[in-house]
Each structure stands twice: as structure tokens, then as C-alpha cells.
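As they're listed, the protein sequences go chains U and R.
Read in order, the letters of the first sequence are residues 1 to 155 in the UniProt record's numbering.
Read in order, the letters of the second sequence are residues 1 to 155 in the UniProt record's numbering.
For every residue, glycine included, the Cβ atom is placed at its ideal position computed from N, Cα and C.
All of these numbers come straight from a predicted model, not from anything done at the bench.
There are 2 protein chains.
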Amino acid sequence: MDSRDRLIIAELQKDGRLTNQELAERVNLSPSPCLRRLKNLEEQKMITGYTAIIDEKAYGLGVTAFVRIRLISHSREIVDEFEKAIGLLDEVMECYLMTGSDDYLLKILVEELSSYEGFVRKKLHSVPGIASLDTSFAYGMVKRNLTFPNIHKNR
Amino acid sequence: MDSRDRLIIAELQKDGRLTNQELAERVNLSPSPCLRRLKNLEEQKMITGYTAIIDEKAYGLGVTAFVRIRLISHSREIVDEFEKAIGLLDEVMECYLMTGSDDYLLKILVEELSSYEGFVRKKLHSVPGIASLDTSFAYGMVKRNLTFPNIHKNR
DNA sequence: GTTGAAATCCCAGGTCC
DNA sequence: GGACCTGGGATTTCAAC
């Protein structure tokens, strides 16, 4: 893992469908060593996958909600059941374990406000272990950064 | 935009580097119409790009922070200056405009806790317009969903 | 207008230096 | 890390429905 590898990663973050040739040119390498580095990064799970970026609004998912959740307890069973139930909900795009007064932060994607209400009533409310729940809606994305901030370490 | 297109999108969300042939097989189409649909989706900006998914911890970015920010006012100038300054910060991976008592939600990526402190002191504190600032740290990702929830509309 | 088929071009992946 | 080689995928064109 050197600065060349980080360059490769940055280029693939900007365009995940780059051909190896293109990629090689951009990082000033010939195709073979470039491909070898790429395969290494994939094998050591530095690169865990590739995905298409979709315009959520255009797709029909107009509402992004962030939900902060506190659990009734942090016992093993409560936590496991909660996380298992959350794992089954398609609307939950991301779920983070948090420090501070809240335990989890969820990013939810639904069609519109009325569907969010339905999601909470039919699905979230049947997830076990929730003590409190605080929803905020995002009505715009101001910034999205595909590439990571610089790191100075050199290995 | 029909259910076939949604299938194509779902497959590309799961694997953004799928070849057109593979993709065509998975959605039960021959390569040519599949490619034409794909190009359409790209041209109409339904698919806005492709990216590599990187293991942040393995890369060296061990700390994910979510910051909720309230502005001192919502005047055009304050908002514009704030958003412009935020746009320049590499550590800010995502920035959402929020409803509710907070105005913005930021997702921040830094190496470790000490670098977060440095980030706040040297960079965030010089962003104009901030009235209050509330940081929570994520110390684990419980779930990440690459594919969208189902939508029933058929056009 | 939309699908299937064929031909050309170019890339990926392997091997050797 | 670089150069060569081969199989296979992408892309364009054309014919058919």
C-alpha cells in the first residue's frame, strides 16, 4: 500500500468502470503492473466492490430520512435482535453504531413522506428494543465526495 | 423506465463492473438491447456514475463522524458562504440539508480521533456561519444496503 | 421501433523477461 | 515494472420482426 495504490483507488472511486488500460495511463504505469496492483487491492479486501451511483430522486425515492435510535438496553440479546430486524428492512440503506446519547444512526430511503409514515408504522415500530426514535429529513444533498481525504503515511 | 430498467440498475448496484454480456444474461435480455437500455439510463442521468467501494478502516481512515450543524441565519449570503466553505473540505464526504432543528448533517472521515480534533480546530471552526455543532462518532457499520427498496410504480 | 446476429476492434489476464 | 500474446468482451452494423 503506497501512494501509487492510493492513486489507483482514487481513480476508481471517481470512475469505477475504468478499463485497466485507462487506469494504467492515469497512474503512469503500464497495464500489467497496474492490473497486478488492482488485483492485490481486491484480494486484500481494500477494494470491497464496485457499484453504480443512482439518482435517487430520478429513480423515484424522493425522501431521505436519518433516524437516531436509542435502545432500551445494551444487553447482547436486545442488540442482536435489533440488528437482525434492521438487517431485514430494505428501506434502511445504512446503519451505524454510534457513540454518545444515541445508539444507532440509520439512513432511510422511501418514495415520499407518506411512505415514510407507512414505513415507521408497519416496519420500524415492530423492530424490538427501540426506546426512542428521532427522525430528520434530508431535502437536499449539498455535497458528495467520492475520493478520500489525503493520508500522509506511506505504507 | 420499467421493471427491466430497475433490474439493470439493481444488478449494477450489486456489481458496478459487470460486463454488458453478464448484465444481459442476468436480466434475460440479449446484449444489444441491454446495452441500449444502459446507455439510455446513463444519458438521462438515472445512473450518474460508478465507483469503487473501499474499506475505510483498511485504507487508514478509522474514524467516521456525523456532525449536525445549525447556522446563525438562513440568509442567502450565510448559506452560500457556508456551503462553499464546506465544499472545499476533503474530509467532508457527504453534506445534507436537513429539516428540523438542525440545518445540515455532515459525514466526516478522518484517520483517528486526534485527527478529528485537528480537523475541527483547523478547518471546521473557520467555516463561516456556524451557530452550533454537535458531533457523534460511528464506531461500526451494522448494515450497508447497495440496492434500493422496491417501488411499485410501473413507468 | 425494438431485438437478434455477425464482424471488427480493443481489453483483460497470463507468461516471460 | 515492462512487453508480448491470446481468448473473450464491447461496439457497430445489418437484417428481421
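Residue state for R:Val79 is assigned as helix, using DSSP reduced to three classes. For the 8 Å CB-CB criterion, R:Asp55 and U:Lys123 do not form a contact.
For R:Gly60, the secondary structure class from DSSP, reduced to helix, strand or coil, is coil. Using beta-carbon distances, R:Glu112 does not count as an interface residue toward chain U, since no partner is under 8 Å. If you draw a 10 Å sphere on the C-beta of R:Ile130, you find 16 or more other C-beta atoms in it, and that means buried.
Under the DSSP assignment, R:Ile47 falls in the beta strand (DSSP E) whose first and last residues are 47 to 54. Annotation: Cβ neighbours of R:Ile54 in chain U (cutoff 8 Å, chain order): Ile9, Gln13, Met46, Ile47, Thr48, Phe148. Contact annotation: R:Ala138 and U:Leu23 have beta-carbon atoms that are not nearer than 8 Å. Within the same chain, Cβ atoms closer than 7 Å to the Cβ of U:Thr135 are found at Ala65, Val67, the five residues on either side in sequence being excluded.
Spatial neighbours of U:Glu112 in its own chain (CB-CB distance under 8 Å, excluding positions within 5 residues in sequence) are listed in chain order as Gly62, Val63. When C-alpha distances from R:Thr99 are compared across R:Ile69, R:Gly87, R:Leu88, the shortest belongs to R:Ile69.
For R:Arg37, the uninterrupted alpha helix (DSSP H) segment begins and ends at 31 to 43.
For the set U:Val127, U:Asp5, U:Gly140, U:Pro149, the Cα lying nearest the Cα of U:Ile47 is the one of U:Asp5. U:Glu91 has a beta carbon lying within less than 8 Å of a beta carbon in chain R.
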